[in-house]
Structure formats: C-alpha cells, structure tokens
C-alpha cells in the first residue's frame, strides 16, 4: 500500500467515533438499537483502519527512521510573522503498537456495553435517568454510547498525533469524557453519607487531573518557547535530534544546573502522575469505580490512564537525553547525577523511577485489604502503571511499552469480568430480594459453577496480572521490567518491584478465591447466573490476547522456549521494531537467571500464599479477614488506604471551605458585590444626569414641541373640514384656477 494511502487511512482512524458521537446526539438517540449499532460500526471501522496501517508497517525495514515513518501535516494557523503551526498525524513503531491494541480493546468494551446495559429488555417503570437500571434497559442508553464514542475518539487522536498540542487536545477530551462517564449515574445516592457518590467522584477525578494538566501545559508552553515547535519529528528526529541536543545543553529557568530538557520532562511527568493516578495524585482512580463497569475498563485499559504512560513513552527522549552541562563545566543536580560524561539516569528519569516504584508497592499493599471487586482492580492498575513508569525511569523503554500493551488486554478482561460478576450477583439479588452490596467480594463465593465462562476468563486475566510463569502475557512483560532493573544495577527498584509483584499475585489469588471458590455466602450468590453472550464473547477474545500477547517479545536466548517460539515464526522482532524511531537504541540485555527466578518465585509464591490463606476463609459474609488479626493496626491502615483521603481532606478540602467561608463576606460581598453596586450607583447617577439635562429638556422637549406644532396645524386644517359640498367644490375650483395660472405662466 502506498505511503499516501496509509497517510489518508491514518487521518481517518479517529473520525468514525467522532461521527458516531454526533450521529447519536443529533439523530439516533431515540433508538437504542440504532445508537449502539452506529457506535459499534464506528469503532469497528477504526479497528479495521488501524490494523490495516499496522499490518502494512510491521515488516517495513528500519521502520521509524527519518523518512520511513507515515507522516502528514497541514498548516493550522500563523501567529504574527512566526512560522506556521502545523497539525498532523504520525505513525512510527510506537504509534503502530498502540493502533494494534487500543481500538481492539475499545471494540470489546463497546460490544460488552450492549449486554451490560440490558439491551433487549423493556424499560423498568421504576428506573429513573441518572440511576442504575434495576432489571430493565438503561434509561440513558443512547447517551452512554455517545459519550463512549467521544472517549474513543480522544484516545485515537492522542495515539496518532504528531505534536504535543494535538496530543494534549485528545488528552483533555478524555478528561471531559471521564467526568461525564464516571458521573453517568449522577442522581445516585447512598444511605451512608461517607460513601462517595458518582457525581462527587466525577468532580474529584476532574479536579485532580486538572491540577496536573495545568503543570503539564506549562511544560508544553516552555518546550515551545525553547524550540519554536511541538512536533515530535522536528524535536526528536530531524537533523539527528539537533533540537533535542540543544535542549540538553540549555540551562533551565531554575537554578541548580538542571537542563531545560529535564525540567520540561518533569513538568510533563506531573501530567502523567495525575492522568495515570500515581502517588500522590492517585486518590481519584479508585473512586472512579462509581461509574458503569465498561467505563472502568475504558479508563483502566483502553484509554485515560494508559494515555499517561503513552505520553511519557512518546516524549521519552526528553527524559533520557544526557545533559551536557556537566561536561561544559556546569554544576548542581545534573553534574551530580551525570558525572560520568552525561551517562546514566537523568534527574527526570530518577524522578520517574522513584515515583513509579513507590506507587507500584504502595498501591499493591492497599489492594491486599480491599473487599470491593472493582477497587481491588483499581489499585492493581495504579500499581501496574507504577511498574511501567519505573521501567521508563531505569531505561526500560521496550519493557514499559510491552507491559502497557499486555496490561491493556488482561486489565480490560478483568474489569469486564468484574462487571459480569456484579451483573450475575445483581440478578441473584432480584431473585432473592436481598439488599446488599453486589460489588463486595464477601457477599459472593462459589460463582465458578454459576458463571463458568466468567470464571475461566477471569482466571486467565488474574493469572496474567499475577504473572503466572511462561504461559501468560503478564509474566513476560513484568519479567522484562525486573530484568531491566537488575541489569542496570538498580537493586532498590528491583527489590521494590519484586515485592509489589509478590503482593500482586497474592491479592489477585485472594480475589479469585473469594469470588469463585467455596460455597455461596449469600442467596444473591446462590442465584447468580451467567451473563449474556454480548458480555462473555469479549471476555473470550480478550482472554486469547491475555495469553498470546506476551509471545511477541519472548527473548530468543530464553532457555528452550525462546528458540521454540521463534522457530514457529511468532516473533516479529517486537524490540527491534519498537526502537526503530529512537536515535539512541537501548542495549540488548543478556539473559539473567536472577530476575527470571525472582519473577517465577514471586508469582508462584504469591499465588500459593493467597490460596493457603483464603481457601477456607469467609465461611460467612460477615467473617473476619484472615489478615486482620495478624496485621492488627496495619490492616486498618491498609483497608483505609493509609488515610490519604482523610489527610487530603484535612490539608486541602476543609481549609479551602473554611477559607471560603470567611473570604466570602469580604471578597464576594465586600469587594465583588461592592464593585457591582458601585457600578450600578454610578450608572444610576449618570442616568439621572442624562435624564435631567438631555432626555427631558432636549429629547422630550423636541418631541413635545413637534407634537404641539402638528396639533396646531391639525386644528387649523379642521376649519376647512366643514362637511359642506359647496365649500369643497369652491376650494377645488380655486385650486384648479391657481394650477392653470401656474401652467400658463410657465408656458409663455
């Protein structure tokens, strides 16, 4: 296929979901069937376009080098006499990988949503818009698919963007859609006043990510002021990265010898900390589970939080470019960290590695004590995204991208599986008339016999998350991250990630055992049933990729399995393909037994420990957790998420409200209202002056005198309006005589 055709197809990739959004909003919203048909057709069209581009570039020799990538741009605007700002699309190896899994995951979520929202059932008269449907079709069914389509559009725009500004536009579209979809059940309230509502969760997510986005925008603006462009190709590739080297050699606006490139990278990293829910801006993501489950899958797997890591991979050269300030006699932070001629992790990489590794371990400890089936997965997402950022921070560009891809498949599978579980338990609640939390794992048990398809697919996803050795995709991607940490001598990072991996396997097994094994602990679980095919089919498809997606990057020197897989032709040189666009290629890592045995040990150890601890636990729904007594006060801290929400409430929320309470009379009433009242009084005074000296004497006087003159003239004319015919004839004759005299005078 010609480059021009591929450029056109790339431009078209985001268009179908956007068209779907407008079609549903403007035309098809009254028809539920037509709305989801339009949405499904649009995302399938984007999938076909994306895969057409992907399969046309994976075998292109040296794809990603300058001149080989698919790129097209058009002038958007000019500011003054400056150069034109172009908007365009770019497909390089990183974009190609994203185009493989993002639209596929989105398509599975779209199809799943049809069954999740009970399409085919009649509307329950008790269901109200803004509340979850009880046993009928979702009242706002069409609106949901419109929002979901716009969400997919934002992610696809972000994937194909050739510059940071267009990427940021897609980034913000997703922020808006996350607000709309997390708060989709906006009217829902709970009996417990301390439980966050969907509306509150939506506001929390929106405000938290906005704080980070403002700082990210500062980084984008600073980058533009230093380079005059935001194009990825112009900054990172053109002229062998001349602009990138210039940024590395330019001191930043901050003191301490920090290079401009690294300050920009840190500012952009803050945006990802918010969007990808990394510590300390992680608190919004677990609360985002208040939205419908397909929304959770979109946020955690196909879009939103994955976009944060993708953005860091996209601008990774800013992080890794060695600062030359130390070589040039500079001092400060760069000179300290880059003393060996600019080699080794940069300050931005240290920040990313530290935040990522800490968040990976921190979130994994919290997940151990959670009982909400979706919140366990939410904290696992925070933890796994920490793995990816830690990998980038230690130089694991390929490992981070690889884990981003595999995580998208098994996390989408797990979230959709959790939705199927909740769906089944809710059906049991309607049958048994119980009132309980359908997301609480303590109310489940024994569901493997009630929901066999959901069980087996969830088991596959769970084992991929746990990193079950050799079989699952999660093992291969997580193992590569540990290998990078070990090979680059980052032993502290290695240890933190290894412990996080152990806890991941433990809490995943805990979740599977509590939900599917043992006997049903409630009548709702006893009467649960399997979900519709529209929900189970996506689970089956995602299960396939949760296993096979890891095969594309099995090292060829891996004992026994490596040569065997490569002999089957499965490998398409993932690593070689992915690094094609990098000016400095990461070194090929030799096989190491220590990280491999560690990966296998923590995965199997965590699974075994989880099984031993929880296989006989929770005989009843109100039983104590087996860890509660051994851990004591620590368990309360884990269950309450280290009281971070309460801390933020005390440090930021309550002081803000208190300040507003006292500032309101002084600022709002005293200053703002005072200014408005002053403007009103001045306007009233000016109006009175105008009235007294212009309106009344001039305008009104002129009008009054004109009226009086017309009145007098009319009164005089009344004298000739007598009603006598003889008088009218006399007047007519007089007029005719005058006119005749005038004509004769003119004609002489």
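In our numbering, the protein residues as written are 164 to 911. Glycine residues also receive a C-beta, built at the ideal position from the N, C-alpha and C atoms.
(message) On the DSSP letters alone, give me the boundaries of the alpha helix (DSSP H) that residue 679 sits inside.
(response) For residue 679, the enclosing alpha helix (DSSP H) has its first and last residue at 654-679.
(message) Quick check on residue 496: does DSSP put it in helix, strand or coil?
(response) In this predicted model, residue 496 has a pLDDT of only 38, less than 50, meaning its place in the structure is not dependable; the value taken from the coordinates is given anyway. Correct three-state label for residue 496: helix.
(message) Which runs of the alpha helix (DSSP H) at least 4 residues long sit entirely within the region 564-621? Give them in chain order.
(response) Secondary structure within the region 564-621: the alpha helix (DSSP H) runs of 4 or more consecutive residues, fully enclosed, are 610-613 (chain order).
(message) Quick check on residue 319: buried or exposed, where buried means 16 or more other Cβ atoms within 10 Å of its Cβ?
(response) Buried, because 16 or more other Cβ atoms sit within 10 Å of the Cβ of residue 319.
(request) Grab me the residues of residue 499's own chain with a C-beta within less than 6 Å of its C-beta, minus the 5 sequence neighbours each way, in chain order. (result) For residue 499, the predicted model reports a pLDDT of 36, less than 50, meaning its position is unreliable; a value from the coordinates is still stated below. Cβ neighbours of residue 499 beyond the five flanking positions: none.
(message) Could you tell me the alpha carbon to alpha carbon distance between residue 525 and residue 546, rounded to whole angstroms?
(response) C-alpha separation (whole angstroms): 7 Å.
(message) Here's a check: name, in chain order, each residue in its chain whose Cβ is nearer than 6 Å to the Cβ of residue 264, leaving out the five neighbours to either side.
(response) Within the same chain, residue 264 has close Cβ partners 568 and 571.
(request) Starting from residue 762, trace the alpha helix (DSSP H) both ways and give me its first and last residue. (result) Judged by DSSP secondary structure, residue 762 falls within the alpha helix (DSSP H) whose first and last residues are 756-777.
(message) Under DSSP, the beta strand (DSSP E) around residue 161 begins and ends at which residues?
(response) A query on residue 161 cannot be resolved here, the shown segment of the chain reaching from 164 to 911 and no further.
(message) Here's the rule: buried if 16 or more other CB atoms are within 10 angstroms of the residue's CB, otherwise exposed. What is residue 783?
(response) Burial call: exposed.
(request) Take the Cβ of residue 903 as the centre, count every other Cβ of all protein chains shown within 10 Å, and call the residue buried at 16 or more, exposed below. (result) It is exposed - the Cβ of residue 903 has fewer than 16 other Cβ atoms within 10 Å.
(request) Buried or exposed for residue 538, please, with buried defined as at least 16 other CB atoms from any protein chain shown within 10 angstroms of its CB. (result) Under this definition residue 538 is a buried residue.
(request) Would you tell me roughly how many angstroms separate the C-alpha atoms of residue 400 and residue 391, rounded to the nearest one? (result) Approximately 15 Å between the Cα atoms of the pair.
(request) Run the CB neighbour count on residue 716, radius 10 Å, all protein chains shown included, and call it buried at 16 or more, exposed below. (result) A residue is called buried when at least 16 other Cβ atoms come within 10 angstroms of its Cβ; residue 716 meets this threshold and is buried.
(request) Could you say which of 685, 773, 626 and 672 lies nearest to residue 598 if we only look at CA atoms? (result) Nearest to residue 598 by C-alpha distance, out of 685, 773, 626 and 672, is 685.
(request) Go through its chain and collect everything with a Cβ distance to residue 913's Cβ below 8 Å, but skip five positions before and after it. (result) The question about residue 913 has no answer, for the chain in this structure spans 164 to 911.
(message) Going by DSSP, what residue range makes up the alpha helix (DSSP H) through residue 219?
(response) It spans 195-220 - the alpha helix (DSSP H) in which residue 219 sits, taken as one unbroken run.
(request) Taking residue 337 as the reference, give the member of 321, 349 and 669 with the closest Cα. (result) Residue 337 has its Cα closest to that of 321, out of 321, 349 and 669.
(request) Spatial neighbours of residue 328 within its chain, please: CB distance less than 6 Å, with the 5 preceding and 5 following residues excluded, ordered by chain position. (result) Shown here for residue 328: same chain residues with a beta carbon closer than 6 Å to its own, the five before and five after excluded, namely 393 in chain order.
(request) Determine the closest residue to residue 341 out of 462, 725, 186 and 867, with distance taken between C-alpha atoms. (result) Taking the Cα of residue 341 as reference, the smallest distance to any Cα among 462, 725, 186 and 867 is reached at 462.
(request) For residue 638, name the three-state secondary structure that DSSP assigns. (result) In the structure shown, residue 638 sits in a helix (DSSP, three-state: H, G or I).
(request) With a 10 Å radius around its C-beta and 16 neighbouring C-beta atoms as the bar for buried, classify residue 911 as buried or exposed. (result) Residue environment: residue 911 is assigned as exposed (fewer than 16 neighbouring CB atoms within 10 Å of its CB, all protein chains considered).
(request) List the endpoints of the continuous alpha helix (DSSP H) containing residue 844. (result) Start and end: 836-853.
(request) Would you kindly check if the distance between the Cβ of residue 648 and the Cβ of residue 557 is under 9 Å? (result) Cβ distance < 9 Å, so residue 557 and residue 648 count as in contact.
(message) With the cut-off set at 9 Å, would you say residue 293 and residue 349 are in Cβ contact?
(response) Contact: yes.
(request) Classify residue 920 as helix, strand or coil using the three-state DSSP reduction. (result) Residue 920 falls outside the range modelled here, since the chain spans only 164 to 911, and no answer is possible.
(request) Leaving aside the five residues before and after residue 726 along the sequence, list all residues of the same chain whose C-beta is less than 8 Å from its C-beta, in chain order. (result) Taken in chain order, the residues that qualify are 719.
(request) Give the straight-line distance between the Cα atoms of residue 675 and residue 223, rounded to the nearest whole angstrom. (result) Linking residue 675 to residue 223 through their CA atoms gives a straight-line distance of about 43 Å.
(message) Taking contact to mean 3 or more Cβ pairs, one atom from each stretch, closer than 8 Å, check whether the region 409-423 and the region 364-381 are in contact.
(response) Contact between the region 409-423 and the region 364-381 is absent, because fewer than three Cβ pairs lie under 8 Å.
(request) Please confirm whether residue 688 and residue 608 have their CB atoms less than 9 Å apart. (result) Yes.
(request) Since I believe residue 611 is in contact with residue 773 (beta carbons under 8 Å), could you give me their beta-carbon distance rounded to a whole number of angstroms? (result) Contact flag wrong, Cβ pair sits at about 16 Å.
(request) In the DSSP assignment, find the alpha helix (DSSP H) that holds residue 250 and state where it starts and stops. (result) Per DSSP, residue 250 belongs to no alpha helix (DSSP H); it is in the beta strand (DSSP E), 248-254.
(request) Please classify residue 855: is it buried, with 16 or more other beta-carbons within 10 angstroms of its beta-carbon, or exposed? (result) When all chains shown are included, residue 855 counts as exposed.
(message) What does the Cβ neighbour count give for residue 533, buried or exposed, with the cut at 16 atoms within 10 Å?
(response) With 16 or more other Cβ atoms from the protein chains shown falling within 10 Å of its own Cβ, residue 533 counts as buried.
(request) Can you check DSSP and say which residues form a bridge with residue 326? (result) DSSP links residue 326 through a beta bridge to 394.
(request) Please work out which residues of its chain come closer than 8 Å, Cβ to Cβ, to residue 786, disregarding the five sequence neighbours upstream and downstream, and give them in chain order. (result) Cβ neighbours of residue 786 within its own chain (closer than 8 Å, five residues either side excluded): 605 and 780.
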